[in-house]
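Heads up, the thing below is written out as structure tokens.
There are 2 protein chains.
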Amino acid sequence: MATIKDVAREASVSVATVSRVFSGAGVVREVTARRVRDVARALRYAPHGGARSLITRRTHTLGVLLPDLYGEFFSELIHGIDVTARREGYHILVSRSWEGRTEIEEAMRAMKGRVDGLLLMSPDVDAESLGNIPQGLPVVLLCTPAGGATVDSIMIDNFRGAREMVRHLISLGHRRIAIIKGAAGNYDAAERLRGYRAALRDAGIDLDRALERDGDFTEAGGYAAAAELLSMTPRPAAIFAANDSMAIGALSALRESGVRVPDEIAVGGFDDIPLARYMDPPLSSVRVAIADIGALGVEALLDSIMHKNGRGPQKKRVSTELVVRRSTGAPYAERPPPNRRKGISR
Amino acid sequence: MATIKDVAREASVSVATVSRVFSGAGVVREVTARRVRDVARALRYAPHGGARSLITRRTHTLGVLLPDLYGEFFSELIHGIDVTARREGYHILVSRSWEGRTEIEEAMRAMKGRVDGLLLMSPDVDAESLGNIPQGLPVVLLCTPAGGATVDSIMIDNFRGAREMVRHLISLGHRRIAIIKGAAGNYDAAERLRGYRAALRDAGIDLDRALERDGDFTEAGGYAAAAELLSMTPRPAAIFAANDSMAIGALSALRESGVRVPDEIAVGGFDDIPLARYMDPPLSSVRVAIADIGALGVEALLDSIMHKNGRGPQKKRVSTELVVRRSTGAPYAERPPPNRRKGISR
DNA sequence: TTGTATGCGTTATCAT
DNA sequence: ATGATAACGCATACAA
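These protein sequences, in sequence, are chains A and B.
Residue 1 is where the first sequence starts when you use the numbering used here, and the numbers rise one by one after that.
Residue 1 is where the second sequence starts when you use the numbering used here, and the numbers rise one by one after that.
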């Protein structure tokens, strides 16, 4: 593995000159630079990133710690991160965070000296573990309640989104509106529940705890909760699921019971994953600009890296948009337009 | 940002001792180790990964160069890579490869000294650009035709998969079977076309170039190609799309024209993306264990990293499995079972 | 325009 | 069991 010394020797120059050729800094006579480059190519030399960053104190890499990498949400999120980071000349070092605080802190430490900053999303992180981050490592939290910690964060406007969906359900004339809640202890889930309740209260509808069913963000959970709701008398007139996966599970349960959607029961979800518009009937949902979360996170992190000296913690919030489809009675069938996204094979 | 020296000074030991405590190598008296760890915690010290790898010559990081990060295919692929890498104690440094050879080579050089090996997937790479990789950097190719290059590679068994799907179509009694081809110049696409032709030839059916339509792996492309096929007389009895996205586009076109599937025209896809079973009718496809591609790639790469000295290039091939659903006349409706995958929100 | 020398934070070698 | 010190590969201040 050729080093800068090998190139210097072969090209009959000093290592400083080789360095200048590759780093772009300083001035080198064109003919010299040319000779250096030729030798480098012949030797298949490339500067050693680790060594370089040791002295420049810049890795041009962003650490990304996520709870999982699976499914459409994370695909979209990573895409948003990647595009933005890339535009600024940064690579991304991805890692799923491990379970529990200890492991997350370990993962964060492992990134020390390999990244210039950290994008962190984890249900298990709190202010105290944030206090254990290697000092001087900028961090931006993604969809992670800051818990009083003084770091930047990007959140989804869950409250407004949920409230808007439930208001929409109310505007359709429904009053017995059920919710299938998200995972217990989850921040987004709690906020969506809060939005649901606020909408009902604003409309002067009494809250009914029997209409608030537990869920876990999975299809199976939505299926089970919907089955329970069907056995109630009177049945709810509408169901708001705290995410689309659960709404899809609920749709399955309703279909199996022969309940027509939206005629007998209206169903709304949250997130607007691509699958939503393919459902039968197409699922109304609350669209979240997931990629924006990543993009905003990167921007905040880069900003934090540049202006290390305090700039108070910045909290940003990505907004949502109600998407009405047939499952809540949109008058016309929405035909999924041909999707311009590239196919799976490349 | 505390360094090993700071810790050594505060704990009244030498840097060597601190190093031993954190690297686990060598022996340190328990009481000493304890003192060192306490000081380290107080100083929020963590070893600097870059400096460490400079001398150990190990980064415990795998570079992943992909053409894109978008959609279900890459989500699944990265997941497979991540799980396997993680199990072996490796992080992954992800980057979309840039357009064209020059940029890819640049991206590969940028990884020098930051990763122990490279997982590379790119339509633009050839034997020559592989020759420009920083010397001594192990590489494994993913779904990338090796072009005579002497490196490890993991491929999909496109040929067998396509042949099996077309044989299935033939077994249904169809003889006029059309194909919507994948992107021009794409290796997987070419292999799937080859499988299609082989199946027809084996059955003694003459090839008809008019039944081989151009496609590009997108829904829109599938839609357009299907529309063209519908205008032919006589119409084809079945359509094999070289991936599911195009099959989904084709399904849209058929539905708009009021053509019943599978009664009037049968439709099969390739890849078996999650969406396939949600189609109406559910789409028959060729399942590819995408995550396995990533897993096998990581294993091959790790093996290559360990046994640097030649071991000839290894070529592996992940197999496929025909999944018959209603779009090619599976007798009963397959109801999507509740999906246990986690929801989009976490 | 180019070369020399120093240091980045760590581990490894060799003493003690 | 612990310490002193030389690498690791590179960038940069300073000298020439």
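The C-beta atom is built at its ideal place from N, Cα and C for all residues, glycine as well.
- Item | Nearest-angstrom Cα separation, counted from B/Leu275 out to B/Arg197 | Counted from its first residue, the second sequence places residue 197 of chain B at position 197. Counted from its first residue, the second sequence places residue 275 of chain B at position 275. Between B/Arg197 and B/Leu275, the C-alpha separation is close to 27 Å.
- Message: I need the DSSP call for A/Gly343, collapsed to helix, strand or coil.
- Response: Position 343 of the first sequence, counted from the start, is the residue given in the question as residue 343 of chain A. Residue confidence is low: A/Gly343 scores 44 on pLDDT, short of 50, so the model does not pin down where it sits. No coordinate-derived value is stated.
- Quick check: the segment 45 to 53 of chain A against the segment 4 to 23 of chain A, are there 3 or more CB pairs under 8 Å? yes
- Message: What does the Cβ neighbour count give for B/Arg340, buried or exposed, with the cut at 16 atoms within 10 Å?
- Response: For the purposes of this step, residue 340 of chain B is taken as residue 340 along the second sequence, with counting starting at 1. With a pLDDT of only 48 at B/Arg340, under the threshold of 50, the placement of this residue in the model should not be trusted; the figure read from the coordinates follows. With fewer than 16 Cβ atoms within 10 Å of its Cβ, B/Arg340 is classed as exposed.
- Message: So B/Ala51 contacts chain A; which residues on that side make the cut at Cβ distance below 7 Å?
- Response: Within the second sequence, the letter at position 51 stands for residue 51 of chain B. Ordered by position in chain A, the residues that pass the 7 Å Cβ test against B/Ala51 are Leu54 and Gly113.
- Item | Boundaries (first-last residue) of the alpha helix (DSSP H) holding A/Asn83 | The count along the first sequence starts at 1 and reaches residue 83 of chain A at position 83. For clarity, residue 83 of chain A is Val in the given sequence; the question names Asn instead. Its alpha helix (DSSP H) spans residues Gly71 to Arg87.
- Output the distance between the C-alpha atoms of A/Val94 and B/Tyr90, rounded to the nearest integer angstrom. Working through the first sequence from its first residue, we reach residue 94 of chain A at position 94. Working through the second sequence from its first residue, we reach residue 90 of chain B at position 90. Distance between the alpha carbons of A/Val94 and B/Tyr90 is about 11 Å.
- Which whole-angstrom value is the C-beta distance of A/Gly136 and B/Met1, which I expect to be below 8 Å? Locating residue 136 of chain A in the first sequence gives position 136, counting from the first residue. Locating residue 1 of chain B in the second sequence gives position 1, counting from the first residue. Indeed, because the Cβ distance is near 4 Å, the residues count as touching under 8 Å.
- Can you tell which of B/Val288, B/Ala289, B/Gly268 and B/Ala291 has its C-alpha closest to the C-alpha of B/Pro282? Walking along the second sequence from the start, residue 282 of chain B turns up at place 282. Among B/Val288, B/Ala289, B/Gly268 and B/Ala291, the Cα nearest to that of B/Pro282 belongs to B/Gly268.
- Let me know if A/Met306 comes out buried or exposed under the rule of 16 or more other beta-carbons within 10 Å of its beta-carbon. Sequence index remark: in the first sequence, residue 306 of chain A carries index 306 (1-based). Its Cβ having fewer than 16 others within 10 Å, A/Met306 is exposed.
- B/Tyr278 touches chain A at which residues, Cβ-Cβ below 8 Å? Locating residue 278 of chain B in the second sequence gives position 278, counting from the first residue. Here the neighbours are Leu275, Tyr278 and Met279.
- B/Pro134 CB to nearest chain A CB: under 8 Å? Working through the second sequence from its first residue, we reach residue 134 of chain B at position 134. Judged by the 8 Å Cβ criterion, B/Pro134 is in contact with chain A.
- Task: Ignore the nearest five residues each way along the sequence and tell me which others in A/Ile344's own chain have a CB closer than 7 Å to its CB.
- Result: Residue 344 of chain A sits at position 344 when you count from the first residue of the first sequence. Per-residue confidence for A/Ile344 stands at a pLDDT of 42, beneath the threshold of 50, marking its modelled position as unreliable; no derived number is given.
- Would you mind telling me which residues of chain B sit closer than 7 Å to A/Met1, beta carbon to beta carbon, in chain order? By 1-based counting over the first sequence, the position of residue 1 of chain A is 1. Per Cβ cutoff of 7 Å: Gln135 and Gly136.
- Task: Would you mind stating whether B/Leu65 and B/Leu118 have Cβ atoms separated by less than 8 Å?
- Result: The residue labelled residue 65 of chain B in the question sits at position 65 within the second sequence. The residue labelled residue 118 of chain B in the question sits at position 118 within the second sequence. Contact: yes.
- Query: What is the DSSP secondary structure of A/Asp303, reduced to helix, strand or coil?
  - Reply: Locating residue 303 of chain A in the first sequence gives position 303, where the first residue counts as 1. Of the three classes helix, strand and coil, the one that applies to A/Asp303 here is helix, per DSSP.
- Query: When you compare each of B/Ser129, B/Glu88 and B/Arg87 to B/Ala107 by their alpha carbons, which one comes out closest?
  - Reply: Indexing the second sequence from 1 puts residue 107 of chain B at position 107. Residue B/Ser129 is the option with its Cα nearest to B/Ala107.
- Message: If I follow the unbroken beta strand (DSSP E) through A/Val323, where does it start and stop?
- Response: In the first sequence, counting from the first residue as 1, residue 323 of chain A sits at position 323. Counting along the chain, the beta strand (DSSP E) containing A/Val323 begins and ends at Thr320 to Val323.
- What number of angstroms, rounded off, separates the C-alpha of B/Ile265 from the C-alpha of B/Ala227? Translated into the one-based positions of the second sequence, residue 265 of chain B becomes position 265. Translated into the one-based positions of the second sequence, residue 227 of chain B becomes position 227. C-alpha separation (whole angstroms): 13 Å.
- Quick one: what's got a C-beta closer than 6 Å to B/Ser319's C-beta in the same chain, skipping five residues either side? Looking up residue 319 of chain B in the second sequence gives position 319. Answer for B/Ser319: Asp157, listed in chain order.
- Query: Does the beta carbon of A/Asp116 come closer than 8 Å to any beta carbon on chain B?
  - Reply: Translated into positions along the first sequence, residue 116 of chain A becomes position 116. It does not: the Cβ of A/Asp116 has no partner Cβ on chain B nearer than 8 Å.
- Should the segment 24 to 37 of chain A be called in touch with the segment 165 to 177 of chain B, which here means at least 3 C-beta pairs below 8 Å? no
- Within 10 angstroms of its Cβ, does B/Leu229 collect 16 or more other Cβ (buried), or is it exposed? To locate residue 229 of chain B, count along the second sequence from 1; it is residue 229. Buried, by the Cβ-count rule.
- Query: Can you name, in chain order, every residue of its own chain whose Cβ lies under 6 Å from the Cβ of B/Ala291, other than the five neighbours on each side?
  - Reply: Residue mapping note: residue 291 of chain B aligns to position 291 of the second sequence, counting from 1. The residues are Glu76, His79 and Gly80.
- Chain-ordered neighbours of B/His79 on chain A, where CB pairs are closer than 7 Å: Your numbering for residue 79 of chain B matches position 79 in the second sequence. Simply Leu69 and Tyr70.
- Query: Are A/Ala178 and A/Arg213 close, meaning C-beta to C-beta below 8 Å?
  - Reply: Translated into the one-based positions of the first sequence, residue 178 of chain A becomes position 178. Translated into the one-based positions of the first sequence, residue 213 of chain A becomes position 213. Against a cut-off of 8 Å, the Cβ pair of A/Arg213 and A/Ala178 comes out as a contact.
- Closer than 6 Å by C-beta to B/Ala11: which residues in its own chain qualify, once you throw out the five before and the five after it? Chain order, please. Position 11 of the second sequence, counted from the first residue, corresponds to residue 11 of chain B. So the qualifying residues of the chain are Arg35, Val36 and Val39.
- Item | A/Gly49 versus B/Ser23 - alpha carbon distance | Taking the first residue of the first sequence as position 1, residue 49 of chain A is located at position 49. Taking the first residue of the second sequence as position 1, residue 23 of chain B is located at position 23. In a straight line, the C-alpha of A/Gly49 is about 22 Å away from that of B/Ser23.
- Message: Could you check whether A/Asp152 and A/Val140 sit closer than 8 Å to each other, using their CB atoms as the reference points?
- Response: Residue numbering aside, residue 140 of chain A sits at position 140 when the first sequence is read from its first letter. Residue numbering aside, residue 152 of chain A sits at position 152 when the first sequence is read from its first letter. Yes, these two residues count as a Cβ contact at 8 Å.
- Item | Partner residues on chain B for A/Leu93, Cβ-Cβ distance less than 9 Å | Position 93 of the first sequence, counting from 1, holds the residue named residue 93 of chain A. By Cβ distance, chain B contributes Thr61, His91, Ile92, Leu93, Val94 and Arg114.
- Query: Looking at the unbroken beta strand (DSSP E) that takes in B/Met155, where does it start and where does it end?
  - Reply: In the second sequence, residue 155 of chain B corresponds to position 155, counting from 1. Counting along the chain, the beta strand (DSSP E) containing B/Met155 begins and ends at Asp152 to Ile156.
- chain A contact for B/Ala295 (CB, 8 Å cutoff): For the purposes of this step, residue 295 of chain B is taken as the residue at position 295 of the second sequence. No, B/Ala295 lies away from the interface with chain A (no Cβ there is under 8 Å from its Cβ).
- Item | Beta-carbon separation (whole angstroms), B/Ile205 vs B/Asp244, contact threshold 8 Å | Stepping through the second sequence from its first residue, residue 205 of chain B is reached at position 205. Stepping through the second sequence from its first residue, residue 244 of chain B is reached at position 244. Actually they are not in contact, since the Cβ atoms of B/Ile205 and B/Asp244 sit about 24 Å apart, beyond 8 Å.
- Give the single residue among B/Arg192, B/Ser14 and B/Phe217 whose Cα lies nearest to the Cα of B/Ala183. The residue you call residue 183 of chain B lines up with position 183 of the second sequence. Among B/Arg192, B/Ser14 and B/Phe217, the Cα nearest to that of B/Ala183 belongs to B/Phe217.
- On a CA-only basis, which of B/Ala162, B/Asp208, B/Gly173 and B/Leu207 is nearest B/Ala190? Give me that one, please. Position 190 of the second sequence, counting from 1, holds the residue named residue 190 of chain B. Selected option, being the one with the closest Cα: B/Ala162.
- Taking the DSSP output, what are the residues bridged to A/Gly400? Residue 400 of chain A is absent from the model: chain A starts at 1 and stops at 346.
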